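A.B. asks: Pasting a structure here, questions to come.
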Amino acid sequence: MSPGSEEDDHEGPVCEKLGRIQFSVGYSFQDSTLTVKILKGQDLPAKDFSGTSDPFVKLYLLPDKKHKLETKVKRKNLNPHWNETFLFEGFPYEKVVQRTLYLQVLDYDRFSRNDPIGEVSIPLNKLDLANMQTFWKELKPCSDGSGSRGDLLVSLCYNPTANTITVSIIKARNLKAMDIGGTSDPYVKVWLMHKDKRVEKKKTVVMKRCLNPVFNESFPFDVPAHVLRETTIIITVMDKDRLSRNDVIGKVSPGPAEVKHWKDMMGRPRNAVAQWHALKAFPPQNPASLCPQHIPLLLPNCSLWLEIMSVISLFSGLFDILCPQSL
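Quick note: the sequence shown uses this note's numbering, first residue 81, plus one each step.
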């Protein structure tokens, strides 16, 4: 089956179901106190590679983003019960109704940035705060201030007889313009990783001045069965820059859509399984905090993640130049 033969069955990115959250809100006029109770979550998506998540909730009263409150982390739980109460004391009612309650559910990650699961936003002037009210709200995708970065159509094919995984980069659409002229020169890098070590890298050709490039390039990787569960595929879409360092347009990061794609591939050996993936922003990192022991071990049932090893190599090289060891 050719990668393109799957195209008509994949008209857009998988619509991820993010679950929902239950919480209560009320205001005491006597004490000038706003009370928010985070009760529980339901049907949260698996963000970890073991098929579960470690969820917690952040609370903000927008537009104030400096002050936040957090629940405890519930380990390995897709239906967590927090039952935590948060008090905003000495808060005049006329100011409360100018705020928006913002709840963000995240998956805790001990080794890297916490992975957003979803969010809920409610203007408090829309609620009857005189009585404590309880709500169930569906989680929505967390907003990305940088805007949409486009989508990438990827095909995966596992051949257990040949011990190979073939990654086909078919095409991208609506890529973010990275150049001053309102366009990009995109190409795609595909890394095969074993644990935290880079094994092999492939990359497509550069498509000049194109936001909807068609690549149709396939890359077979040798993956012995005994290392399959410790294998990671890393995909990043880059913008080629002749005069400076190439920019990252977006990445395919761990999430329900990626888990589904990997499982579909494993469940249909010797068949090319194509799926659209929404590109995510490249998260800012503190170079001083980047070291190999901080790189998460990625198992293949959620095996598409951001490339950070090149960043480590870059700063290691700069350190060697600026701070050479004395002989």
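Positions of the beta carbon are idealized from the N, C-alpha and C atoms, including for glycine. Just so you know, these numbers come straight off a predicted model, no measurement behind them.
My assumption, with CB atoms under 8 Å, is that Arg155 sits in contact with Gln122. Please give the rounded CB distance.
C.D. replies: No, Arg155 and Gln122 are not in contact; Cβ-Cβ is about 17 Å, not under 8 Å.
A.B. asks: Between the Cα of Ser108 and the Cα atoms of Glu169, Thr132, Ser130, Leu119, which residue gives the shortest distance?
C.D. replies: Glu169
A.B. asks: Rounded to the nearest angstrom, what separates Lys145 and Val137 at their Cα positions?
C.D. replies: 15 Å
A.B. asks: Using alpha carbons as the reference points, say which of Leu255, Leu183, Ser248, Thr263 lies closest to Cys222.
C.D. replies: Leu183
A.B. asks: Work out the CA separation of Val268 and Pro240 for me, nearest whole Å.
C.D. replies: Near 26 Å, if we compare the C-alpha coordinates of Val268 and Pro240.
A.B. asks: Measure the Cβ-Cβ separation of Val177 and Asn194 and say whether it is below 7 Å.
C.D. replies: Not a contact, by the Cβ cut-off of 7 Å.
A.B. asks: Measuring CA to CA, which of Thr132, Leu207, Ser112 is closest to Ser104?
C.D. replies: Leu207
A.B. asks: How many Å lie between Gly106 and Phe171 at the Cα?
C.D. replies: 12 Å
A.B. asks: Where do the N-terminal and C-terminal ends of the alpha helix (DSSP H) with Glu199 fall, by residue?
C.D. replies: Not the alpha helix (DSSP H): Glu199 falls in the beta strand (DSSP E), residues 195–203.
A.B. asks: Count the other C-beta atoms from every protein chain shown that fall within 10 angstroms of the C-beta of Glu338, then say buried if there are 16 or more, exposed otherwise.
C.D. replies: buried
A.B. asks: Out of curiosity, what's the CA-to-CA distance linking Ile315 and Phe301?
C.D. replies: 14 Å
A.B. asks: In whole angstroms, give me the CA-to-CA distance for Leu439 and Ser248.
C.D. replies: Nothing can be reported for residue 439: it is not among the residues displayed for the chain, which extend from 81 to 407.
A.B. asks: Locate the alpha helix (DSSP H) running through Glu310, then write down its first and last residues.
C.D. replies: It is not in any alpha helix (DSSP H) - Glu310 carries neither H nor E in the DSSP assignment.
A.B. asks: Should Ser228 be counted as a contact of the ligand GTP given a C-beta to heavy atom distance under 6 Å?
C.D. replies: By its list of ligands, the structure shown contains no ligand whatsoever, and the ligand GTP lies outside what it can speak to.
A.B. asks: Identify whether Asp344 lies in helix, strand or coil by the three-state DSSP scheme.
C.D. replies: When secondary structure is reduced to three states using DSSP, Asp344 falls in the helix class.
A.B. asks: Using the Cβ count rule (16 or more neighbours within 10 Å means buried), how would you classify Lys127?
C.D. replies: buried
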